[in-house]
Amino acid sequence: MAKRGGARQRILDYLLGHVGQVVTSEQLREIAGVSEWARRLRELRDELGYRILSHNDKASLRPGEYILESAEPVTATERAIGSSQRARILSRDGFTCQICGATQGDPDPTNPERRLRLHVDHIQPISGGGTNEDDNLRTLCSACNEGRSNLYTPPTEAAMNVLELVRRQPKDVQREVYKFLKRKFNGG
48 MAKRGGARQR ILDYLLGHVG QVVTSEQLRE IAGVSEWARR LRELRDELGY
98 RILSHNDKAS LRPGEYILES AEPVTATERA IGSSQRARIL SRDGFTCQIC
148 GATQGDPDPT NPERRLRLHV DHIQPISGGG TNEDDNLRTL CSACNEGRSN
198 LYTPPTEAAM NVLELVRRQP KDVQREVYKF LKRKFNGG
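In our numbering, the protein residues as written are 48 to 235.
Spelled out as C-alpha cells, the structure:
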C-alpha cells in the first residue's frame, strides 16, 4: 500500500480518526512507516499543539499507549510555559504537589507500581481567562493533575482562612510555619 503524505501527517490523520481512543506505539510506527515516528508525535504535541497524552500524563495508559484528547490543537499562548518557567515554578513550590504534597517519584496512589511525575498546572485555565503568569501556575502531581483539564477550582474557604488560623497560634507555632515557608520559598 502506498503511503500518502509525510509521516507526521499520516500520524495526525490516524489520531484524528481515533480521538479519545487508545492507540499503541506499534500502530503509530506502522502508520508512520519511519523509524522516527516518536519524533513526529512530539512535533504534533509540542510544535502544533495537539494534546496527545501518554502514560506520563494519564495513569490509565501503559507505556507505548497514547490518546489524542481533542481534534482541536491548543494555541501557542496556552503552551507557552517554557522550561525555565517550569523549573522556577517547581522550585518555588518545593518540588511538591500543591494539592496532596506528593513529590516526583512517589508511588501513584491509584497504582503503586507506577511513580508520580510533577506537572505545572494553570490554576485558572487559559480558556477561562487565566494567564501563564507565575501566580496562576502551580505544581501538581500526575494523580492530582489527571482529569483536571480546564477545570477551575476556586480556593476553598479553609484555604482562604489559613492566615487567620496561623495568626491564632502561639508564637512558637507561628515561628515553625514561618521557617517552613521561608525554606519553601527561599530554598533555605
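Where is the CB? At the ideal position from N, CA and C, for every residue including glycine. Nothing here was measured: the structure is a model prediction, and the numbers come from that model.
Whole beta strand (DSSP E) elements within the stretch 148 to 198, 3-residue minimum: 158 to 162, 165 to 169 and 184 to 188
Buried or exposed for Gly64, going by 16 or more other Cβ atoms inside 10 Å? For this step, residue 64 is matched to residue 17 along the sequence shown. Exposed: under 16 other Cβ atoms inside 10 Å.
Pairing CB atoms from the stretch 97 to 105 with CB atoms from the stretch 139 to 154, are three or more of them under 8 angstroms? no
Who are the near neighbours of Arg87 in its chain, counting only those whose CB is closer than 7 angstroms to its CB and skipping five residues on each side? Here the question's residue 87 lines up with position 40 in the sequence shown. Answer for Arg87: Ala54, Arg55, Ile58 and Ala79, listed in chain order.
Proximity below 8 angstroms, CB of Ser72 to CB of Gly96: On the sequence shown, residue 72 is found 25 positions in, with the first residue counted as 1. On the sequence shown, residue 96 is found 49 positions in, with the first residue counted as 1. Contact: no.
Below 6 angstroms CB to CB, which residues in the same chain sit around Arg164 once its five sequence neighbours on both sides are set aside? One-based indexing of the sequence shown puts residue 164 at position 117. Asn103 and Ser189.
Under 8 angstroms between the Cβ atoms of His166 and Gly177? Start at 1 with the first residue of the sequence shown, and residue 166 comes out as number 119. Start at 1 with the first residue of the sequence shown, and residue 177 comes out as number 130. No, the Cβ-Cβ distance between His166 and Gly177 is not below 8 angstroms.
Anticipated Cβ contact below 8 angstroms, Val69 with Leu108, distance rounded: Indexing the sequence shown from 1 puts residue 69 at position 22. Indexing the sequence shown from 1 puts residue 108 at position 61. That pair is a contact at about 7 angstroms.
Whole-angstrom distance between Glu223 and Tyr113, CA atom to CA atom: Position 66 of the sequence shown holds residue 113. Position 176 of the sequence shown holds residue 223. For Tyr113 and Glu223, the distance between alpha carbons rounds to 45 angstroms.
Reduced DSSP category for Ile114 - H, G, I as helix; E, B as strand; rest coil: Walking along the sequence shown from the start, residue 114 turns up at place 67. Annotated three-state conformation of Ile114 is strand, per DSSP.
Within 10 Å of its beta-carbon, does Arg185 have 16 or more other beta-carbons around it, so buried, or fewer, so exposed? On the sequence shown, residue 185 is found 138 positions in, with the first residue counted as 1. Buried, because 16 or more other Cβ atoms sit within 10 Å of the Cβ of Arg185.
CA nearest to the CA of Leu91, picked from Asn183, Pro120, Val81 and Gln74: Counted from its first residue, the sequence shown places residue 91 at position 44. Answer by Cα proximity: Pro120.
As a quick exercise: from Gln221, Arg89, Lys229 and Pro156, pick the residue whose alpha carbon is nearest that of Cys2. With the chain covering only 48 through 235, there is no way to say anything about residue 2.
Assuming Leu187 contacts Ile128 under a Cβ cut-off of 8 angstroms, what Cβ separation, rounded to an integer in Å, is found between them? Sequence index remark: in the sequence shown, residue 187 carries index 140 (1-based). Sequence index remark: in the sequence shown, residue 128 carries index 81 (1-based). About 13 angstroms separates the two Cβ atoms, so there is no contact after all.
Reduced DSSP secondary structure (H/G/I, E/B, other) of Val69: What you label residue 69 is simply residue 22 of the sequence shown in a count that begins at 1. Here Val69 sits in strand by DSSP.
Once the 5 residues before and after Val66 are set aside, which same chain residues still bring their CB inside 6 angstroms of it? For the purposes of this step, residue 66 is taken as the residue at position 19 of the sequence shown. Counting only Cβ-Cβ distances below 6 angstroms, and skipping sequence neighbours, we find Leu115 and Ala118.
By DSSP's criteria, Ile99 is part of a beta bridge. Which residues make up the other side? Reading the sequence shown from its first residue, position 52 is the one you call residue 99. Leu115.
Tell me the residue span of the alpha helix (DSSP H) that contains Gln145. Locating residue 145 in the sequence shown gives position 98, where the first residue counts as 1. Taken as a continuous stretch (DSSP letters only), Gln145 belongs to no alpha helix (DSSP H), as it is neither H nor E.
Sorted by chain position, which residues of the same chain lie with C-beta nearer than 7 angstroms to Tyr225's C-beta, five sequence neighbours on each side aside? For the purposes of this step, residue 225 is taken as residue 178 along the sequence shown, with counting starting at 1. Within the same chain, Tyr225 has no close Cβ partners at all.
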